[in-house]
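Asks: For reference, the structure I am asking about is given below.
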Amino acid sequence: MRMGLGLAVKVPRSGAEEARRRLAGLGLLDRSRRIMRNGEFVYIPVTRPVELGFEVVSVSLPVAEPKAPMFRASYDVVGSVAIVNDMDMDVENARRLAELIMARHRRVRTVLQKVGEVSGVERVASFRVLAGDGVTETVYRESGCVYKLDVARVFFSPRLSTERLRVAAQVGENESVLDMFAGVGPFSILIARRHPSTTIYAVEKNHAACSYLLENIKLNKVEKQVKPFCGDAAEIVPQLDKQFNRVIMNLPHQSLKYLPLALSKCVSGAVIHLYVAEEREGEESVWERIKSVYAGLLLRETRVVKEISPRMVIRVYDLVVG
């Protein structure tokens with residue numbers, strides 16, 4: 001703590017607030033230093049000697065640190081890792097924000113800035129380290145479940161926690177669920193924990209994500225319910241000798257391409273949760289594309305679950321197979 005020597009009014013604790021208000025009203029407060037209590041007295045820094053019946057002394061008081069700048073940038077905290085989502089923020093401001101994040105979230109050990117959107121067959125974003133030790137593997141807890149993951153090697157969004165709960169709440173007893181793009185398992189494992197009688201087939205192509213999926217199944221003790229498959233859904237799903245009551249398709253930029261494959265594994269009355277990246281007002285055109293795949297699909301509900309940019313969103317379509 002830095003100290004600064006200067007003048008201060010010394011008053012008893014009982015009269016400190018009244019004295020502070022009086023000095024502030026006269027414009028005499030020295031705001032470069034902080035008010036300090038010492039025993040039964042309070043020292044109020046002033047800019048010059050005052051003749052108001054107060055005792056004025058020369059004393060060292062803590063220097064008032066400048067207020068932190070206001071940032072509008074959004075960030076996510078995943079376990080011990082924080083991610084600044086604003087890719088346009090310059091490095092200097094991003095690092096200042098990282099310091100504020102670490103001061104606010106004591107468990108955060110690494111702060112990253114996203115520098116590239118989720119892309120490629122592995123579905124991973126690009127990051128740079130802003131602060132901390134640079135370790136990107138962490139343990140994240142959500143809705144009574146625990147997930148081990150590396151945010152730099154797998155796709156994971158804590159912003160979908162409410163959506164995962166919404167889907168899990170719809171699952172009925174003894175359902176068979178297909179999670180076509182399971183990631184590290186947040187949909188599959190939550191459903192298994194909430195509905196012990198369900199069976200979930202979890203498919204994931206990203207090798208790192210699949211390794212974490214296997215580990216997370218054990219961590220959450222759902223080995224009997226969640227059956228993992230490491231590989232491309234386009235190759236694995238056709239080989240599954242099973243029909244499903246519910247299909248989760250959380251691959252927003254490519255999910256429509258896999259819709260015919262999902263339909264081939266659905267029983268009549270099955271529900272498909274289809275996640276699509278689209279323009280903010282683009283649901284009508286997307287719905288037309290969905291109906292062109294199979295006219296017998298009924299739309300139970302649609303909603304925006306995540307904003308990507310001012311123009312783009314991720315929307316879920318809850319579809320019922322007629």
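So that you can map any letter, position 209 of the sequence shown is 209 in full-length UniProt numbering, and since no number is skipped, the others follow by simple counting.
We treat Cβ as the ideally placed atom computed from N, Cα and C, and that holds for glycine.
Note that the coordinates shown come from a computational prediction; the quantities given were computed from them, not determined experimentally.
For Val305, I'd like the list of residues in its chain whose CB is within less than 6 Å of its CB, leaving aside the five on either flank, ordered along the chain.
Replies: The residues are Glu163, Ile314 and Val316.
Asks: Counting only runs of 3+ residues fully inside the segment 220 to 301, write out the beta strand (DSSP E) ranges in chain order.
Replies: As far as the segment 220 to 301 is concerned, its whole beta strand (DSSP E) runs of at least 3 residues are 226 to 230, 244 to 249 and 266 to 279.
Asks: What is the DSSP secondary structure of Met36, counted as helix, strand or coil?
Replies: Strand, per DSSP.
Asks: Comparing C-alpha positions only, which one of Ala270, Lys265 and Glu307 sits nearest to Glu279?
Replies: For the residues Ala270, Lys265 and Glu307, the minimum Cα distance to Glu279 belongs to Glu307.
Asks: Helix, strand or coil: how does DSSP classify Gly15 here?
Replies: Correct three-state label for Gly15: helix.
Asks: Whole angstroms are fine: how far does the CA of Asp90 sit from the CA of Val177?
Replies: Going from the Cα of Val177 to the Cα of Asp90 covers about 44 Å.
Asks: Give the C-beta separation of Leu28 and Val46 to the nearest angstrom, bearing in mind that I take them to be a contact with Cβ-Cβ under 8 Å.
Replies: Indeed, because the Cβ distance is near 5 Å, the residues count as touching under 8 Å.
Asks: Nearest-angstrom Cα distance between residue 324 and Leu112?
Replies: Not covered by the structure: residue 324. The range shown for the chain is 1 to 322.
Asks: Please name the residue or residues paired with Ala8 in a DSSP beta bridge.
Replies: According to DSSP, Ala8 bridges with Pro45 and Val57.
Asks: What's the call for Asn38, buried or exposed, on a 16-neighbour Cβ count within 10 Å?
Replies: Exposed, since its Cβ has fewer than 16 Cβ neighbours within 10 Å.
Asks: Between the beta-carbon of Ser157 and the beta-carbon of Thr110, is there less than 8 Å?
Replies: Not closer than 8 Å, so no.
Asks: Between the C-alpha atoms of Leu26 and Ala98, what's the straight-line distance to the nearest angstrom?
Replies: The alpha-carbon atoms of Leu26 and Ala98 are separated by roughly 39 Å.
Asks: Whether or not the segment 275 to 294 and the segment 226 to 246 are in contact is what I'm after, with contact meaning three or more pairs of Cβ atoms, one per stretch, closer than 8 Å; do they touch?
Replies: Too few Cβ pairs lie closer than 8 Å, so no.
Asks: Using only CA atoms, which one of Ala73, Ser58, Arg141 and Ile44 lies nearest to Ser309?
Replies: Taking only the C-alpha atoms, the option nearest Ser309 is Ala73.
Asks: With a threshold of 6 Å on Cβ separation, who are the neighbours of Lys227 within its own chain once the five nearest residues in sequence on each side are excluded?
Replies: Same-chain partners within the cutoff: Tyr201.
Asks: Is the segment 206 to 213 in contact with the segment 165 to 177, if contact means three or more CB pairs nearer than 8 Å?
Replies: No, the segment 206 to 213 does not touch the segment 165 to 177.
Asks: With a threshold of 8 Å between beta-carbons, can Asp318 be considered close to chain B, or not?
Replies: Absent from the structure: chain B. Only one protein chain is present.
Asks: Quick one: which unbroken beta strand (DSSP E) runs of 3-plus residues sit fully inside the segment 116 to 165? Chain order, please.
Replies: Segments of the beta strand (DSSP E) lying fully in the segment 116 to 165: 124 to 132, 137 to 142 and 145 to 150.
Asks: Quick one: grab the DSSP three-state call for Ser188.
Replies: Residue state, collapsed to three classes: helix.
Asks: Relative to the C-alpha of Glu137, which candidate in Val118, Val78, Asn85 and Val171 has its C-alpha closest?
Replies: Out of Val118, Val78, Asn85 and Val171, Val78 has the C-alpha closest to the C-alpha of Glu137.
Asks: Would Arg246 and Ala270 be called neighbours here (beta carbons separated by less than 8 Å)?
Replies: Against a cut-off of 8 Å, the Cβ pair of Ala270 and Arg246 comes out as a contact.
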